[in-house]
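The next block holds one structure in the form of structure tokens; read it before the comments.
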Amino acid sequence: MHERRHNQRSSQLTGLLLPLADRNLILPNVAVAELIDYQASAFDLDTPPWYLGKVTWRERQIPLLSFESACGQKIVIGERARIVILNALGGLPELKFIALLVQGIPRSYKLDSQLSYVDVPLCALEQAAVQVGEQVAKVPDLLGLERLLVEAGLVH
Numbered sequence: 001m002h003e004r005r006h007n008q009r010s011s012q013l014t015g016l017l018l019p020l021a022d023r024n025l026i027l028p029n030v031a032v033a034e035l036i037d038y039q040a041s042a043f044d045l046d047t048p049p050w051y052l053g054k055v056t057w058r059e060r061q062i063p064l065l066s067f068e069s070a071c072g073q074k075i076v077i078g079e080r081a082r083i084v085i086l087n088a089l090g091g092l093p094e095l096k097f098i099a100l101l102v103q104g105i106p107r108s109y110k111l112d113s114q115l116s117y118v119d120v121p122l123c124a125l126e127q128a129a130v131q132v133g134e135q136v137a138k139v140p141d142l143l144g145l146e147r148l149l150v151e152a153g154l155v156h
């Protein structure tokens, strides 16, 4: 009896719903290292539009990205803007974290292993769309974001 209950629990994971200007992203809790206040960062005009410069976190310089802009939409920095620090997954020694601009406080959701997928158009950096509570959330391609940084020469 005890074992079965344990199995049920392990099929649930906690996701974080990240509010962006024009969509929500959903990530497993473990992908997010920390939520920090928005800090304006200096960036170069020679860099791609989705690159918002670097933010300082725990004495590191972390590249800050706009997911909306990387998907071809415009950058919005609303009054509730925050920054989510994500654990980089690509194993690059010089890229341990990525900072993502979000518009508000991420909310925690219990996700079932049986996610219900929604058939909506996706941008190249979205792997899927799933139903989370009342809303549709996009699953971001974090490795794709890391590749963008590498291809743009922003990670050496």
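Mapping of the sequence shown onto UniProt numbering: position 59 corresponds to residue 59, and the numbering continues sequentially without gaps.
Glycine residues also receive a C-beta, built at the ideal position from the N, C-alpha and C atoms.
Computed from a prediction, not measured in an experiment: that's the story for all the values here.
* Three or more C-beta pairs closer than 8 angstroms, one from the segment 53–64 and one from the segment 107–119: is that the case here? -> Flag = no, the segment 53–64 and the segment 107–119 do not touch.
* **Member of Glu151, Val136 and Pro49 whose CA lies at the smallest distance from the CA of Pro121** => As a first step, residue 121 is located in the sequence shown; it is residue number 121 there, counting from the start. For Pro121, the nearest C-alpha among the options comes from Val136.
* Report the partner residues of Leu27 according to the DSSP bridge assignment. => Position 27 of the sequence shown holds residue 27. DSSP, once it has assigned bridges, lists Leu16 as partnering Leu27.
* Look at the alpha carbon of Met1 and the alpha carbon of Leu86, and state the distance between them as a whole number of angstroms. => Numbered from 1 along the sequence shown, position 1 holds the residue referred to as residue 1. Numbered from 1 along the sequence shown, position 86 holds the residue referred to as residue 86. Low local confidence applies: a pLDDT of 48 at Met1 is under 50, so the model's placement there is unreliable, with the coordinate-based value given in what follows. For Met1 and Leu86, the distance between alpha carbons rounds to 37 angstroms.
* **Extent of the continuous beta strand (DSSP E) run through Leu111** => As a position in the sequence shown, residue 111 is number 111, starting the count at 1. According to the DSSP assignment, Leu111 belongs to the beta strand (DSSP E) that extends over Arg107 to Leu111.
* Asked: DSSP three-state call for Val136: helix, strand or coil?
  -> Here residue 136 refers to the residue found at position 136 when the sequence shown is read from its first residue. If DSSP states are grouped into helix, strand and coil, Val136 belongs with the strands.
* Asked: Going straight from the alpha carbon of Glu79 to that of Leu16, what length do you get?
  -> Translated into positions along the sequence shown, residue 79 becomes position 79. Translated into positions along the sequence shown, residue 16 becomes position 16. Computed Cα separation, rounded: 21 angstroms.
* State buried or exposed for Leu89, treating a residue as buried only when at least 16 other CB atoms are found within 10 Å of its CB. => Within the sequence shown, the letter at position 89 stands for residue 89. Here Leu89 is exposed. Its C-beta has fewer than 16 other C-beta atoms within 10 Å.
* Asked: Does the Cβ-Cβ distance between Lys138 and Leu13 come in under 8 angstroms?
  -> Counting from one through the sequence shown, the residue named residue 138 turns up at place 138. Counting from one through the sequence shown, the residue named residue 13 turns up at place 13. Leu13 sits away from Lys138, with the two beta carbons spaced by 8 angstroms or more.
* From Leu125, Ala129 and Ala31, residue whose alpha carbon lies closest to that of Ser116 -> The residue given as residue 116 occupies position 116 in the sequence shown. Among Leu125, Ala129 and Ala31, the Cα nearest to that of Ser116 belongs to Ala129.
* Taking the continuous beta strand (DSSP E) assigned at Val55, which residues delimit it? -> Position 55 of the sequence shown, counted from the start, is the residue given in the question as residue 55. Boundaries of the beta strand (DSSP E) around Val55: Tyr51 to Trp57.
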